[in-house]
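Q: Line order of the protein sequences matches chains D and W.
To convert a position in the first sequence, counted from 1, into this note's numbering, add 20.
To convert a position in the second sequence, counted from 1, into this note's numbering, add 36.
Here it is, the structure, as C-alpha cells.
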Amino acid sequence: MMRRFDRLFEHSTRSLAQRTSRRSLLASLGQVLTGAALLPLLPIDRASRAHAASDSPASPESCDYWKYCAIDGFLCSCCGGTSSSCPPGTAASPIFWIGTCHNAADGRDYIVSYNDCCGKSGCSACDCNRNEGEKPIYRPSRNNDLNWCMANANVNYHCTVSVILGVAEK
Amino acid sequence: MRSTQLFCLALSCTLLAALALAAPPPLPVEHLTVERLPARSPHWIYLYDEVFDNEIDARVYLYDGDSNRRLGQINAGFYTSLNLSPDGATTAVAATYFARGTHGARTDVVEFTDNSTLEVTHEIVLPSKRAEAGPGLFNLAYSTDGRFLYAAYLTPAASFGVLDPGAGTVLGEIDTAGCVLVIPSGRYRVSSLCESGRLLTVTLDPQGHEASRAMSEPFFDADSDPVFVQGVPTNSGYLFLSFLGQVHDIDFSAAEPHFAAPWSLLAAGEQGHWRPGAYQVAALHKSLGRLYVPMHEGGEGTHKDGGTEIWVYDFATHQRLARWPMKPQGLSRVIALQVSQDPAPILFVATENGELAVFDALTGRVRHIEKHAAQSPWMLLNP
C-alpha cells in the first residue's frame, strides 16, 4: 500500500509542480492529508441526480456502490473503464478529491480518491451525485464540483473513478 | 336513376364552385428578419443551463415570465462562470473553449454580451487559471461601479484576476492565500472565503492593484456546519446559508465585514430533519424583505438534493411566512430559484427535471410551468 501511495503522490507532485508554486503545492497536499486523516463514519444516502446502469448496490455500475459515497459525475464503469480505471484514450487526472466510504462487506471505512478521466467530452452515462462528507470549494480536497481535469493537458471532463487509498483509521 | 345522378353531379359542382369562391386569399410573402428584443422587463430571467450531459455547450437562456416565452440565448462554452454588470446592460460569460471542439488548444475567455441585442461585443482572453467550479455569483463578479471585473482562479492554487472590461485587458493577479472566490463590495473590495471560516478582504487601488488586505474573525466552522458559497445579495451585503440552516447575514458596507448574529431557518422540532439544499440555495426580494429557500428532509450529504418545498421568511423578523410544497404543483425538486425585484414580484423556480416554474412570489400561486426549459438549470439571474 505504501508503494502505491508513493507512486500516486509522486505522480501528483510532479504534475502539480509544473503548474503551481511550491507553497501552493504544499498547501494542497496538506489539505488532502488533513482531510484524509479522520472523518466519522457517514451514512450513505443516494442523491437525486443519479441515473446508473445497475440497481444493485454491489455493482460498480450502480450509483449506490459503496466506493461512490462522495462522487459527482459519470461513472467510468459505464463508459469503458472500471470503478478504478479510466476508459481507453482518456487521461487520468493527477489531482483529486477524497471521500471516506464504508464498505459493508468487510465493515471497514476506506479513504477513496476520486479522479476524473479527461480529454474527451462528457460520457453522459450513469450520472451519479452523492455527497457524504463533501464540502464547498474553500476545502477543495473535499469538493466534487470542481473540474479535477483542471491540471491536465486537456481539461475536458469525461468521467470519474474511485480509487482506494487505504483504510481510514478510527 | 340517371336523372338522380345528374342532379347529384350538378349539386357537387355548385358546392365546389361556392367553396372556391369562399376560399381565403393566399398568405402574403414573408421577409426573413432577425428578431429584436423588446425593452427590458423586471420579469425577465437569465437561466443558466450547465448542460451536464454535454458540458462543452453550456448556455444561458433569456426567458420572459409574463409572456412565458424564451426570448433568446447566450452561448456559454465549458465550465462556465457568469454575471451581469451592475447596470444590467452586459452579461459577462467566462468559459473554456477547445480549438477542435472537444479537444485541441485551450482558450479561457470572458465574452461580453450586449443584453439589448444578445450579440457578443468584445472579449478578454484569460490565463488558463480560471476556477472551473460549480455555479454561483462569486466565480466572476463586477466591482460595484462596473470598473473592474474579478475572475476567480484555482489551479488549485487560489488567486483572482483583475480585469478591465472597458479596455478589454487583464490588469493583474492577486494571491488569496488559499481563500477562494471573489465577493465584491464597496468601491474596490474583494472578499474570499477561507477554509478557516474567515473572510479575506483585499482592497484595490483605482488602478486595480492591491492596496491592503485584512482577515476577519471566523464566522462559520467548515467541519461542523459549512456555509454554501452561493451567497445572496442583500441591501447591505450578502447572506450565506449553512448546511444545517443557519442564516449568516454579513454587512459589507464598511471597510471590514460585520457579521450579524446567525439565525436558524428551523424551528426546534425541525432541527436535524429539514435542511436547505440546491445549486442555488436562496433568493431574496430586497425591498420587500422576503427570503425564499428550497428545503428538504434529509441528513448529512444531502446538501445538493433539491427542495421538496420552498419556505418563505420575513428577512427582518426571521419569521417563517409560508411553506410551499412542490409535489402538489406537479413539480420535482427545486435546484435553483430567483425572485424578481419589482413590487409585483414573481418567483422563478428551476427543478431537477428541467422545469421552470413561474410563481406569484407574494401568494405562491403557480402562474405557469415551462416543461423541458433546460437540461441542468443550476442558476437564475435577474436582468
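The beta carbon of each residue, even a glycine, is placed where N, CA and C say it ideally should be.
If you're wondering where the values come from, they're calculated on a predicted model, not measured in any experiment.
By DSSP's criteria, Val-394/W is part of a beta bridge. Which residues make up the other side?
A: Note: Val-394/W sits in a beta bridge opposite Phe-384/W and His-404/W.
Q: The beta strand (DSSP E) spanning Asn-271/W covers which residue range?
A: It is not in any beta strand (DSSP E) - Asn-271/W carries neither H nor E in the DSSP assignment.
Q: Can you tell me whether Glu-123/W is buried or exposed, with buried defined as 16 or more other CB within 10 angstroms of its CB?
A: For clarity, residue 123/W is Asp in the given sequence; the question names Glu instead. By the 10 Å Cβ count, Asp-123/W comes out exposed.
Q: Measuring CA to CA, which of Val-226/W, Pro-62/W and Ser-77/W is closest to Leu-173/W?
A: With distances taken between Cα atoms, Leu-173/W lies closest to Val-226/W.
Q: Near Phe-295/W, which residues of its chain fall below 6 angstroms by C-beta distance, leaving aside the five closest residues on each side in sequence?
A: Once the five neighbours on either side are set aside, the close Cβ partners of Phe-295/W are Phe-255 and Ile-286.
Q: Just checking my contact of Leu-73/W with Gly-108/W at CB under 8 angstroms: how many whole Å lie between their CB atoms?
A: 7 angstroms between Cβ atoms; contact.
Q: In terms of alpha-carbon separation, which member of Glu-66/W, Gln-243/W and His-321/W lies closest to Arg-25/W?
A: The first residue shown for chain W is 37 and the last is 419, placing residue 25/W beyond what the model contains.
Q: Using a Cβ-Cβ cut-off of less than 7 angstroms, give me the residues of the stretch 159-177 of chain W that come near chain D, in sequence order.
A: So the list reads Glu-168, Ala-169 and Gly-170, given in the order they occur along the chain.
Q: Any residues in the stretch 248-266 of chain W with a beta carbon nearer than 8 angstroms to a beta carbon of chain D? Which ones, in chain order?
A: Answer in chain order: Ala-258, Pro-262, Val-263, Phe-264 and Val-265.
Q: Based on the DSSP output, what are the partners of Val-226/W in its beta bridges?
A: DSSP, once it has assigned bridges, lists Pro-220/W and Val-238/W as partnering Val-226/W.
Q: Below 9 angstroms on C-beta distance, what does Val-187/D contact in chain W?
A: Under the 9 angstroms cutoff, chain W gives no residues; its nearest Cβ is about 21 angstroms from Val-187/D.
Q: How would you label Thr-399/W, buried or exposed, when you count the other beta carbons within 10 angstroms and need 16 or more for buried?
A: Label assigned to Thr-399/W: exposed.
Q: Any beta-carbon of chain A closer than 8 angstroms to the one on Pro-192/W?
A: Absent here is chain A; the protein component of the structure consists of chains D and W.
Q: Is Pro-7/W helix, strand or coil by DSSP?
A: Past the boundaries of the shown model lies residue 7/W; chain W is included only from 37 to 419, so the question cannot be answered.
Q: Please tell me whether Val-183/D has its Cβ less than 8 angstroms away from any Cβ of chain W.
A: It does not; no Cβ of chain W falls within 8 angstroms.
Q: Please report the distance separating the alpha-carbon of Glu-111/W from that of Gly-308/W.
A: Here residue 111/W turns out to be Asn, not Glu, going by the sequence shown. Those two C-alpha atoms are separated by around 41 angstroms.
Q: Which term fits Ala-314/W, buried or exposed, when burial requires 16 or more other beta carbons within 10 angstroms of its beta carbon?
A: With 16 or more Cβ atoms within 10 Å of its Cβ, Ala-314/W is classed as buried.
Q: Closer than 8 angstroms by beta-carbon distance: list the chain D residues that pair up with His-309/W, in chain order.
A: Going along chain D, no residue has its Cβ under 8 angstroms from His-309/W, so there is no contact; the nearest lies around 14 angstroms.
Q: With hydrogens ignored, establish whether the beta-carbon of Asp-100/W is closer than 7 angstroms to any heavy atom of the ligand SAM.
A: The ligand SAM is not part of this structure, which contains no ligands at all.
Q: At a CB-CB cut-off below 9 angstroms, which residues of chain D make contact with Phe-276/W?
A: Within 9 angstroms Cβ-Cβ: nothing; Phe-276/W doesn't reach chain D, min ~10 angstroms.
Q: Given a limit of 9 angstroms on CB to CB distance, which residues of the stretch 127-152 of chain W reach chain D?
A: Listed by position, the residues of the stretch 127-152 of chain W near chain D (Cβ gap below 9 angstroms) are Thr-132, Phe-134, Gly-137, Thr-138, His-139, Gly-140 and Arg-142.
Q: Pairs of beta-carbons, one from the stretch 164-181 of chain D and one from the stretch 58-77 of chain W, closer than 8 angstroms: are there three or more?
A: Too few Cβ pairs lie closer than 8 angstroms, so no.
Q: Is it buried or exposed for Glu-155/W, if we count other Cβ within 10 angstroms and need 16 for buried?
A: Exposed is the call here.
Q: Taking Cβ to Cβ, would you say Gly-142/D is nearer than 8 angstroms to Tyr-177/D?
A: Their beta carbons are under 8 angstroms apart, which means Gly-142/D touches Tyr-177/D by this criterion.
Q: Comparing C-alpha positions only, which one of His-321/W, Phe-351/W, Pro-312/W and Glu-336/W sits nearest to Thr-344/W?
A: Minimum Cα distance to Thr-344/W is reached at Pro-312/W.
Q: When burial is assigned at 16 or more other CB atoms within 10 Å of the CB, is Asp-341/W buried or exposed?
A: Buried.
Q: Look up Glu-209/W in the DSSP assignment and give the residues it is bridged to.
A: Answer is Gly-197/W.
Q: Go ahead and pull the three-state DSSP assignment for Asn-111/W.
A: Note: Asn-111/W maps to strand in three-state DSSP.
Q: Any C-beta of chain W sitting closer than 8 angstroms to the C-beta of Ala-171/D?
A: Yes, Ala-171/D lies at the interface with chain W (some Cβ there is under 8 angstroms from its Cβ).
Q: Using a Cβ-Cβ distance under 8 angstroms, would Tyr-130/D count as near chain W?
A: No, no contact with chain W.
Q: Tell me the rounded alpha-carbon separation between Ser-44/D and Gly-208/W.
A: Because the pLDDT at Ser-44/D is just 40, under 50, the model does not fix this residue reliably, and the value given afterwards should be weighed accordingly. Going from the Cα of Ser-44/D to the Cα of Gly-208/W covers about 19 angstroms.
Q: So the beta strand (DSSP E) Val-263/W belongs to, where does it begin and stop?
A: Premise fails: Val-263/W is in no beta strand (DSSP E) and is neither H nor E.
Q: Pull out every residue of the stretch 88-109 of chain W whose Cβ sits closer than 8 angstroms to any Cβ of chain D, in chain order.
A: Within the stretch 88-109 of chain W, the qualifying residues are Phe-88, Asp-89, Asn-90, Glu-91 and Ile-92.
Q: What are the residues in the stretch 328-342 of chain W lying within 8 angstroms of chain D by C-beta distance?
A: Listed by position, the residues of the stretch 328-342 of chain W near chain D (Cβ gap below 8 angstroms) are Gly-334, Gly-335, Glu-336, Gly-337, Thr-338, His-339, Lys-340, Asp-341 and Gly-342.
Q: Closer than 7 angstroms, Cβ to Cβ, to anything on chain D: give me those residues from the stretch 227-251 of chain W, in chain order.
A: Residues Leu-229, Cys-230 and Glu-231.
Q: Just tell me which of Glu-391/W, Asp-200/W, Leu-236/W and Gly-202/W has its CA closest to the CA of Cys-215/W.
A: Minimum Cα distance to Cys-215/W is reached at Leu-236/W.
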